[in-house]
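Chains as they are written, first to last, in our numbering: chain A, 1 to 321; chain B, 322 to 642. Glycine included, C-beta positions come from ideal geometry on N, C-alpha and C. Keep in mind that this is a model prediction, so the values were computed, not measured. Inspection log for the structure reproduced underneath, given as structure tokens.
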DNA sequence: ATGAAAGCGCTAACAC
DNA sequence: GTGTTAGCGCTTTCAT
């Protein structure tokens with residue numbers, strides 16, 4: 001390539017990386033010839049010489065949960081803009097496997113994005129010292145992180161409901177031991193108190209349609225006019241279970257979901273959901289990682305706020321009586 | 322590292338790659354010292370020297386469709402066993418974007434796995450000449466590929482149904498223009514003919530719960546005793562729509578799904594589905610790629626057969642009258 | 001503004 | 001069985 005263009009290879013190299021250091025005519029000629037011969041600088045050789053691979057490790061616990069697909073997609077896209085490639089690893093919800101993966105990956109990529117990490121804090125701290133690390137959906141001390149503020153989103157649902165006259169709401173909680181429930185319930189209670197409403201908590205139940213159908217019994221008997229489900233499966237079940245019991249949605253009871261799996265937009269009625277802007281989260285994570293890679297400080301966690309998507313399943317409360 | 326162990330670096334290198342060429346004591350010593358100092362051979366340097374990066378490109382159209390999550394996970398796991406890493410790219414269902422991605426990736430990885438490719442045949446052929454390429458869920462001439470034989474799976478559903486005395490079945494077809502429908506319908510008709518049954522085709526309809534609910538009207542009026550839905554969303558809708566119209570599942574009508582999104586196992590009744598063994602597909606793809614990388618010929622496409630999972634939603638047909 | 005040369009960390013061919 | 005050496009294709013000083 002350099003020979004063909006009649007210049008030294010260092011000049012070719014410069015033409016690509018520091019275009020300003022090369023005289024315009026030379027630069028153009030090099031570019032043109034490179035195009036003609038389909039020349040692309042080898043990332044590997046560059047990596048060896050610069051110490052940076054252009055690779056970003058992305059670790060997610062699973063791809064079965066619809067939460068992570070969009071996150072991975074967004075991260076990949078954002079990384080691509082920075083001319084980086086994503087090395088994806090899936091921990092299969094095992095903390096031990098995740099630890100191994102992160103350990104290994106940390107020696108082979110420029111930086112790491114780890115979503116909903118199950119690892120121990122101490123380990124993550126250690127890793128962050130060795131390599132730029134961004135946590136998504138997990139907070140560990142001052143480590144760089146992108147947080148999705150579902151509790152405040154759930155609170156927004158409560159506001160919406162209370163604003164429509166509902167005074168007695170039910171939250172159907174998720175699987176026993178889910179770390180997600182407590183903050184949501186706390187946020188919910190706070191809003192309810194402000195708005196003069198009551199919160200009834202049903203569950204915990206497994207996040208399945210079936211469990212949702214069964215818990216409908218409890219919900220129907222609880223004397224509430226609105227219910228918020230832990231996730232889409234729960235809500236799908238609720239819809240079905242309430243219908244079976246002759247409870248009309250939304251006329252008798254309003255229903256909302258704390259997540260937004262796509263099916264919920266095509267049920268009857270379409271369900272009011274919390275949309276989690278995972279695209280934003282992915283972009284934010286990449287931006288933050290890029291900052292770390294430039295040697296800048298992580299700064300405060302980026303908090304992504306869910307957006308309330310109001311659909312047919314939530315309605316003004318019927319006037320009492 | 323070499324210095325610490327008192328040997329030449331080539332010996333260290335050999336101790337890792339061709340252990341047999343190094344005397345056992347030397348090898349052990351090297352390994353021990355390497356462990357102690359946490360030494361890991363640089364993949365980048367190795368890549369530059371050998372011309373192989375250890376990277377495998379994986380291209381999928383989207384992660385929103387639950388089909389691809391498990392496929393990606395399986396592929397990643399299988400690749401890991403071979404000490405390879407997956408560079409994931411998502412085409413967002415755009416043929417143009419996919420083409421760009423494949424083009425780019427092909428210069429930076431050892432091999433490529435492309436799922437449900439939207440690219441043109443000629444392009445894929447060209448790429449396959451430049452770099453080991455395995456297609457998943459798409460067949461192009463003699464190119465290496467892993468196929469998922471849904472038509473024969475759908476036929477298995479028909480057999481199951483016909484075996485239980487059903488003589489009039491309905492297939493609810495997917496989105497207009499779906500390439501998946503025609504082969505399924507053909508397989509269905511063939512089986513029906515053999516078994517002395519009739520096939521009614523409803524649709525095409527969009528693959529949404531809502532459309533499934535609406536098409537239930539048609540299905541209910543079609544005088545069939547069993548219905549096979551294009552996918553999970555369709556079936557979820559059917560379940561709901563049939564119920565609303567007083568049609569009991571499975572007593573009046575049996576219902577089955579041509580895919581197996583997890584929700585369907587926790588509906589009421591649990592739905593008979595076609596399980597697509599995507600784990601196998603991922604493994605097969607990696608194995609096949611590995612073969613190509615060794616310079617062997619691709620061989621015939623690997624065909625993965627779906628497995629029929631019989632649940633509560635399919636029942637013996639009621640005796641006529 | 002450009003060239004020459006060193007070196008990134010490894011592998012592989014060739015000596016010994 | 002092990003050491004020596006020559007690259008792999010770039011980036012980056014240091015000259016010019």
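Selected residue, minimal CA-CA separation from residue i, among the options
{"i": "residue 456 of chain B", "options": "B/374, B/635, B/620", "result": "B/620"}
{"i": "residue 95 of chain A", "options": "A/113, A/244, A/123, A/73", "result": "A/123"}
{"i": "residue 537 of chain B", "options": "B/513, B/566, B/393", "result": "B/566"}
{"i": "residue 188 of chain A", "options": "A/202, A/131, A/157", "result": "A/157"}
{"i": "residue 53 of chain A", "options": "A/259, A/296, A/85, A/113", "result": "A/85"}
{"i": "residue 106 of chain A", "options": "A/56, A/247, A/293", "result": "A/56"}
{"i": "residue 431 of chain B", "options": "A/43, A/112, A/12, A/254", "result": "A/43"}
{"i": "residue 317 of chain A", "options": "A/254, A/266, A/262", "result": "A/254"}
{"i": "residue 568 of chain B", "options": "B/414, B/546, B/507", "result": "B/546"}
{"i": "residue 618 of chain B", "options": "B/635, B/591, B/452, B/481", "result": "B/452"}
{"i": "residue 408 of chain B", "options": "B/422, B/402, B/418, B/414", "result": "B/422"}
{"i": "residue 292 of chain A", "options": "A/112, A/29, A/240", "result": "A/112"}
{"i": "residue 454 of chain B", "options": "B/633, B/401, B/487, B/608", "result": "B/608"}
{"i": "residue 306 of chain A", "options": "A/283, A/260, A/39", "result": "A/260"}
Exposed unless 16 or more other CB atoms sit within 10 angstroms - verdict on residue i
{"i": "residue 23 of chain A", "result": "exposed"}
{"i": "residue 304 of chain A", "result": "buried"}
{"i": "residue 78 of chain A", "result": "buried"}
{"i": "residue 290 of chain A", "result": "buried"}
{"i": "residue 358 of chain B", "result": "exposed"}
{"i": "residue 412 of chain B", "result": "buried"}
{"i": "residue 275 of chain A", "result": "exposed"}
{"i": "residue 578 of chain B", "result": "buried"}
{"i": "residue 329 of chain B", "result": "exposed"}
{"i": "residue 21 of chain A", "result": "exposed"}
{"i": "residue 331 of chain B", "result": "exposed"}
{"i": "residue 220 of chain A", "result": "buried"}
C-beta atoms of residue i and residue j nearer than 8 Å
{"i": "residue 238 of chain A", "j": "residue 172 of chain A", "result": "yes"}
{"i": "residue 153 of chain A", "j": "residue 308 of chain A", "result": "yes"}
{"i": "residue 602 of chain B", "j": "residue 395 of chain B", "result": "yes"}
{"i": "residue 622 of chain B", "j": "residue 490 of chain B", "result": "no"}
{"i": "residue 531 of chain B", "j": "residue 126 of chain A", "result": "no"}
{"i": "residue 555 of chain B", "j": "residue 525 of chain B", "result": "no"}
{"i": "residue 315 of chain A", "j": "residue 164 of chain A", "result": "yes"}
{"i": "residue 150 of chain A", "j": "residue 180 of chain A", "result": "yes"}
{"i": "residue 380 of chain B", "j": "residue 435 of chain B", "result": "yes"}
{"i": "residue 336 of chain B", "j": "residue 354 of chain B", "result": "no"}
{"i": "residue 544 of chain B", "j": "residue 533 of chain B", "result": "no"}
{"i": "residue 535 of chain B", "j": "residue 495 of chain B", "result": "no"}
Which of helix, strand or coil DSSP assigns to residue i
{"i": "residue 125 of chain A", "result": "helix"}
{"i": "residue 100 of chain A", "result": "helix"}
{"i": "residue 352 of chain B", "result": "helix"}
{"i": "residue 256 of chain A", "result": "strand"}
{"i": "residue 1 of chain A", "result": "coil"}
{"i": "residue 83 of chain A", "result": "coil"}
{"i": "residue 458 of chain B", "result": "coil"}
{"i": "residue 89 of chain A", "result": "strand"}
{"i": "residue 116 of chain A", "result": "coil"}
{"i": "residue 73 of chain A", "result": "helix"}
{"i": "residue 12 of chain A", "result": "helix"}
{"i": "residue 173 of chain A", "result": "coil"}
{"i": "residue 266 of chain A", "result": "coil"}
{"i": "residue 275 of chain A", "result": "strand"}
{"i": "residue 466 of chain B", "result": "strand"}
{"i": "residue 614 of chain B", "result": "helix"}
{"i": "residue 163 of chain A", "result": "helix"}
Chain-order list of residues whose beta-carbon lies under 8 Å from that of residue i (same chain, five-residue window excluded)
{"i": "residue 49 of chain A", "result": "none"}
{"i": "residue 243 of chain A", "result": "249"}
{"i": "residue 121 of chain A", "result": "140, 141"}
{"i": "residue 97 of chain A", "result": "91"}
{"i": "residue 47 of chain A", "result": "53, 54"}
{"i": "residue 439 of chain B", "result": "382, 412, 414, 415, 416, 419"}
Contact test: residue i Cβ vs the ligand GDP heavy atom, cutoff 7 Å
{"i": "residue 267 of chain A", "result": "Looking at this structure, you won't find the ligand GDP or any other ligand, since it has none at all."}
Nonlocal neighbours in the same chain, by C-beta distance under 7 Å from residue i, ignoring five residues either side
{"i": "residue 390 of chain B", "result": "384"}
{"i": "residue 160 of chain A", "result": "308, 310, 314"}
{"i": "residue 17 of chain A", "result": "none"}
Beta-carbon contacts of residue i that lie in its chain and below 6 Å, excluding the five residues immediately before and after
{"i": "residue 162 of chain A", "result": "195, 197"}
{"i": "residue 184 of chain A", "result": "151, 154"}
{"i": "residue 466 of chain B", "result": "456, 460, 622"}
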